[in-house]
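S.K.: I have a structure here, written as structure tokens, and I will follow up with some questions on it.
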Amino acid sequence: MGAVREFHLPLVPADLLRESSPGQYTVQEVLPVRDLPPALTAFRTAFRARGALAVLQHFDPMYSLLHHFQAVGTAVKEDALELMTRVVSHHSNELPAILGDSGLSHADRVAHLNALKMNCYLLTGLMDAFEMETCKSGLLEKKNRPKTSGSLWEEEREPVLRLLTQLLQLDLRQLWGGFVVEEEFVSLMTGSSYRILENPGIGLQKYRATREAVTHLLAAALVHYDHMFNATLKITQMLQHFEHVAPVFAQAVSLWVKEYGLKSLVGELLREVGQKCPQDLAHDASVIKGYAVFITELAEQIPALVLSNMSVLLRHLDGESYMMRNAILAAMAEVLVQVLNGDQLEEAARGTRDQFLTMLQAHVCDINSFVRSRVLQLFTRIVQCKALPLTQFQSVVSLAVERLKDKAVVVVKNAIQLLIAFLSNNPFSCKLSCTDLSEPLKKEVQKLQEMRDRNRSAAGPVITPEEEWEAMLPEVRAAIQQLFQPLQEEEEEVLEVEETVESTLKQITGLLRKLNYKSAARLTRKALGHFQGKEPFSSLMEENEEATILGVLKRLYTGSCPGENSEDPPHGNSGLENEEAVPEEQPQTELIKQEMLVQYLQDAYNFSVKITEALSLISKLMYENCVSVVQEAIEFFVTVSQFSVSEALSGVRRMLPLIWSKEPGIREAVLNAYRRLYLSPSKGSERYDSLARVQHLVRSLSLIMVDASLGTVQCLEEIISEFVQKDEIEPAVIQLLWEQFTGKSQCSSLERRAAVMLLGMMAQGNPEIVGSNLDVLVTVGLSEKGCEDYRLAKEVCNAISKLARNTKQALGKNSTPFRLPQNHMLFGCLSETVIKGFAQPSCHWIPFMEAAVTLIYQLAEGAEEICAHVLQACSQQALEKLKEDDGQKADSGDSPSRVSDGASSLPTFLLMHLVSLVGQVALQQVAYLEVSVSTELRRRRMLRDEEKAKNHSDRSTKKQRPQSTGNETTMEEELGLVGATADDTEAELIRSICETELLDGKHLLFAFVPLVLKICNNPGLYSDAGLSAAAALALGKVCMISSEFCDSHLRLLFTMMEKSSLPGVRSNLLIAAGDLAIRFPNLVEPWTSHLYARLRDPCPRVRKMAALVMTHLILKDMVKVKGQVSELAALLIDPEEAIMEVAQNFFTELSKKASACSGTLLHKSGERLVEAGPITQDLSIGERCCSGV
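Shown next as structure tokens:
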């Protein structure tokens, strides 16, 4: 065997085919594919004999396999991989002993070094080839593929990586003569790992073990072979080109830091990213995304290290890339949550925290909506983790409220989520009502002011003892001078020197503080003679006795007496001052506590004000087109309701109509909202018993219905019926409602009405709730309380009406309509209550009467006879009243509450009651014929047809004719034609009854039509607003009966609508005209312009009603969209907000209809708007129209 040539790791495989320098190993021959299996067998045999060094003679065959890898069979590839794994494993196990052999010769070292390079080159080459083949075949994404060589590689990938890691953990420097391992070898070992990470599916959970193996292999290279610089470059390059590696590398770097202590790598990577030019990054979105995800993921896992290197990234906050801004801001948020959180931060950390919060707040107003949205999300996380300082609460809340006006839907959505987080995590109170917080705040502010005033008056100016001595010095000198004047005998006897110096000093000091200077000077003079040589009477040697006495007195008063008598009166005087300072500190502490309390209440009040401001803004967002925004708005009102904010109730009511939304997500959100608000137990409810929870539920639902509109009640009914159908309402709730209604439970009349309304709503979902207690409803609501409370009686009627079967259900062949006999006590009580209340001037009688008549027609058999009896009885009372008042015509003629036609007079309310009753009976008679009678005729016919078809089928089966298929088809077609003809016949029958019988001379209604027409034709004579409105509505109801009668009186109806000075009349006639347009569209169509004209009515109430009626007719295609629809566009700038909302809703709904009206609309809107007002208004209307259509 000749000299061993040195093996150089090639840059490309082709370098091994040419000799670049003497002594370098080159491949002598590339074997053909057919010769590879025997060569592989020979290599295996040589390996058994020589071990890992066998590669020195068999490198060329293995190189040839790599060269022809695509053409080689799967079995040969797998054998080669298995063989090279065994060879490298064997060499790895041998190397520790070889490296530890101090007598290793140079030739053996070179041989093992060459063998190591060759074996590793071949193994990593096979790894790369298999990995490339796997990526091409897409095995990571597609599991159900036939087994190929890639299948084995998936199983062997992780063991091979562990083998290479084991090899790198050896001290291989000995093979290089104790020097540094060549960089090419380290790159060879790590290159395959990086290539494995390039696979797009490497991030999947099933490849977690592979990712960990790669991570530990690279860690070995970083720790033992100084791979830091190359790793930094490689990672940053891969982040640029492969988006999927960002989370993988973030997890790897985190592991390297925590398990291997490679903290400096984080700084190198972030510095490399930070040095990228922001302008260059803005042009390549894929590069930015990789960097952004890496920074974000890294901050989540090792935020402390990201914080220490944050400065190198801040320059990207001013760059054009919004993704980089988002990533850096997200990193700041993670640092705030995990590192800069808590009250024990040092001053520097607190400053960094405040700086980060300031940057985040600045980017709430970022130019890019995605950044604004992301920052709001980050603040939501900060608030939820309680990492936001209280001093920053108000500013961040204010920013969130401002973002509710943002044009970007995603920003608005996240702003609502942030406010919800603020509410759920607020540090103030469980009650955030401004009203509840303002009173305590005022009280505590007043208390604080009083404490400050008290402290200010008590403290006064601070005067030092020296200043006091200077002030009193003239008087003291004068007193000392008097000592040398003759004194009275009695004064000499009063003052005696005490036995000790201490007591004498206290006595002198007391005299000075009492301003008795003369006695203090005299006692000091005596003490100078009595205590000679003792301090402080011996240390002062003044020029005369007067100066000595003055010096002693000064030292005693100012407390500057030294020596052994430091505990004596001068210092004792200072001790007294300290004792006085203790009670002075206590008020100061109380003042600080009070200031903190006031600041706390002020912050809570300011927070409540902002939440209240947000309520009005979010309430308007509840009807946005974006489903997610609506859902967040609903969630906000649910949350804010839990904090006793009174304004939240309006939002809870406002979300009610959303129960009719066609979006399942919105409907379910409303149901969940009311479920959480009323059905689910609230916080702390565990301490209450079941009865308390039931009472709270009933009280809360009753509160919603206070002053609730009809629409609100209907929406709440839909929600409650849904709960009843799902058995979510406890039986105890129903029991309590019955107790309130019957009076067993003490409650007000308002609560009693609410109870029966709730029972009616529940009966919508389960009619048995009312059906099983029908006698209780009739007895209590109609017999006992009927005439006392017509509003209660009306709600009782509405509740009982739930027993009537739905019209759609009645279409079934076996669904016999639910009817009660004519002599049932219900109809007797109803008739009696209506008749008794007819002569009583109550404003609630008409609504009750309308509900009672409707109920009679819904449930009674022979409803016409019952209502005819009621109508006769009421008209008889009117006639009797008219006869009774004939004799008193002169006295009653001047009464404004009576109407007179010159011959006789009636109370206005009586006439109003009568025409209202006539109109309601007429309307319900038509509804009864068109709906109930027509449905019953159809049901009976379907039963007859089914019976005939069944009999015919039985006869056909017996005959069993072979041509039955064609005949049966013909029969079905004939039956279909017969059914359609029968429907037309039945409809014609109903129409003929309405046209010819209801208003002929034989029917009772005919007798009252002249009265209604007389009131309508004589507005001067019948000038009462209520009577005129009732008569106008009755006229519209009577017109519903017959097309002939309607046609002959439409001119009167529209004349009244245009000329009447009473808004109530115009509004009622609009409603009637809308119903007539649906029943008789051809008759009303020529009068459509008069309907549009009411959109310009001076009365807001009439304009709103006109907008509602026209919206309904246009969207139902009962009125064609013409140029006059621009009248509705003018309402978009109406001064009344409610009318603006109706107009906006119209254009929103119109935009959903596939209509070809947009061109006409915009053209005519322009013409109309030029007439309507200034061009500044026109532009705003045009924008709203265009956005809607």
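With my numbering, the residue at position 974 of the sequence shown is 986, and numbering never jumps.
Quick reminder that beta carbons are idealized off the backbone N, C-alpha and C, glycines included.
Under three-state DSSP, which class holds Pro1215?
M.R.: Because the chain is modelled from 13 through 1201, residue 1215 falls outside the range shown and cannot be assessed.
S.K.: So Ser712 is in the alpha helix (DSSP H); what residue range does that whole segment cover?
M.R.: 702-716 is the span of the alpha helix (DSSP H), which, as asked, contains Ser712.
S.K.: For Asp211, tell me which candidate among Ser1004, Leu184, Arg169 has the shortest Cα-Cα distance.
M.R.: A small correction: the amino acid at residue 211 is Asn; Asp does not occupy that position in the sequence shown. The shortest C-alpha separation from Asn211 is found at Arg169.
S.K.: Any idea which residues DSSP pairs Glu18 with across the strands?
M.R.: Per DSSP, Gln36.
S.K.: Quick one: is Ala766 buried, meaning 16 or more other Cβ sit within 10 Å of its Cβ, or exposed?
M.R.: Flag for Ala766 reads buried.
S.K.: Tell me whether the beta-carbon of Glu807 lies closer than 8 Å to the beta-carbon of Val768.
M.R.: Contact: yes.
S.K.: Leaving aside the five residues before and after Ser333 along the sequence, list all residues of the same chain whose C-beta is less than 6 Å from its C-beta, in chain order.
M.R.: Taken in chain order, the residues that qualify are Leu293, Ala294, Ile300.
S.K.: Looking only at its own chain, which residues have a Cβ that is under 6 Å from the Cβ of Tyr37, when we skip the five neighbours before and after it?
M.R.: Result list for Tyr37: Arg17, Phe19, in chain order.
S.K.: With C-beta atoms as the reference, is Glu644 less than 8 Å away from Lys425?
M.R.: Going by C-beta atoms, Glu644 is nearer than 8 Å to Lys425.
S.K.: Indicate the three-state DSSP secondary structure (helix, strand or coil) for Leu565 in the structure shown.
M.R.: In the structure shown, Leu565 sits in a helix (DSSP, three-state: H, G or I).
S.K.: Classify Ala872 as helix, strand or coil using the three-state DSSP reduction.
M.R.: Correct three-state label for Ala872: strand.
S.K.: Quick one: grab the DSSP three-state call for Leu23.
M.R.: Three-state result, Leu23: coil.
S.K.: Label Thr601 either buried or exposed according to how many other C-beta atoms from any shown protein chain fall within 10 Å of its C-beta, with 16 as the threshold for buried.
M.R.: Exposed: under 16 other Cβ atoms inside 10 Å.
S.K.: Does any heavy atom of the ligand ATP sit closer than 7 Å to the C-beta of Ser795?
M.R.: What this structure holds is no ligand at all, so the ligand ATP is not there to describe.
S.K.: Sorted by chain position, which residues of the same chain lie with C-beta nearer than 7 Å to Asp27's C-beta, five sequence neighbours on each side aside?
M.R.: Around Asp27: no qualifying Cβ.
S.K.: Grab the span of the alpha helix (DSSP H) containing Asn684 for me, first residue to last.
M.R.: Run containing Asn684: 676-686, per the alpha helix (DSSP H) assignment.
S.K.: Taking buried to mean at least 16 other C-beta atoms within 10 Å of its own C-beta, is Met608 buried or exposed?
M.R.: Exposed, by the Cβ-count rule.
S.K.: Expressed to the nearest angstrom, what Euclidean distance is found between the alpha-carbon atoms of Lys893 and Leu842?
M.R.: Using only the alpha carbons, I get a separation of about 22 Å.
S.K.: In the structure shown, what three-state DSSP assignment does Leu325 receive?
M.R.: Three-state DSSP puts Leu325 in coil, outside helix and strand.
S.K.: For the alpha helix (DSSP H) that Met1130 lies in, which residues bound it at each end?
M.R.: Where Met1130 is concerned, there is no enclosing alpha helix (DSSP H), given that its DSSP letter is neither H nor E.
S.K.: Around the Cβ of Glu501, are there at least 16 other Cβ atoms within 10 angstroms (buried) or fewer (exposed)?
M.R.: In this prediction, Glu501 scores a pLDDT of 43, lower than 50, which makes its location untrustworthy; no coordinate-derived value is stated.
S.K.: Beta carbon of Pro315, beta carbon of Glu346: below 8 Å?
M.R.: Yes, Cβ-Cβ distance for Pro315 and Glu346 is below 8 Å.
S.K.: Between the Cα of Lys1128 and the Cα atoms of Asp1087, Ala1142, Met144, Leu1144, which residue gives the shortest distance?
M.R.: Closest by alpha carbon: Asp1087.
S.K.: Can you tell me whether DSSP reads Leu1045 as helix, strand or coil?
M.R.: Note: Leu1045 maps to helix in three-state DSSP.
S.K.: Which residues bound the alpha helix (DSSP H) around Glu312?
M.R.: Where Glu312 is concerned, the enclosing alpha helix (DSSP H) stretches over 297-313.
S.K.: Determine contact between the stretch 953-963 and the stretch 1073-1082, defined as no fewer than three beta-carbon pairs at a distance below 8 Å.
M.R.: Result no; under three Cβ-Cβ pairs closer than 8 Å.
S.K.: By how many angstroms is the C-alpha of Ile307 removed from the C-alpha of Gln291?
M.R.: For Gln291 and Ile307, the distance between alpha carbons rounds to 19 Å.
S.K.: Measure from the alpha carbon of Glu557 to the alpha carbon of each residue in Glu751, Leu325, Val933, Ala533, then state which is nearest.
M.R.: Among Glu751, Leu325, Val933, Ala533, the Cα nearest to that of Glu557 belongs to Ala533.
S.K.: Just the C-alpha distance for Gln373 and Met1122, rounded to the nearest angstrom, thanks.
M.R.: Their backbone Cα atoms lie some 47 Å apart in a straight line.
S.K.: Pull up the DSSP beta-bridge partners for Leu832, would you.
M.R.: In DSSP, Leu832 forms a bridge with Ala872.
S.K.: Can you give me the start and stop residues for the alpha helix (DSSP H) that Ser1055 sits inside?
M.R.: First-last of the alpha helix (DSSP H) with Ser1055: 1055-1071.
S.K.: Could you spell out the range, first to last residue, of the alpha helix (DSSP H) harbouring Ala221?
M.R.: Note, Ala221: alpha helix (DSSP H), 220-236.
S.K.: What are the boundary residues of the alpha helix (DSSP H) that Trp1099 is part of?
M.R.: From DSSP, Trp1099 is part of no alpha helix (DSSP H); its letter is neither H nor E.
S.K.: Could you tell me if His118 is buried or exposed, where buried requires 16 or more neighbouring beta carbons within 10 angstroms of its beta carbon?
M.R.: Result: exposed.
S.K.: Rounded to a whole number of angstroms, what is the C-alpha to C-alpha distance between Thr1100 and Val682?
M.R.: One C-alpha to the other measures close to 38 Å.
S.K.: Closer than 8 Å is the cut-off here; do at least three beta carbon pairs connect the stretch 1096-1111 with the stretch 1058-1078?
M.R.: These segments touch.
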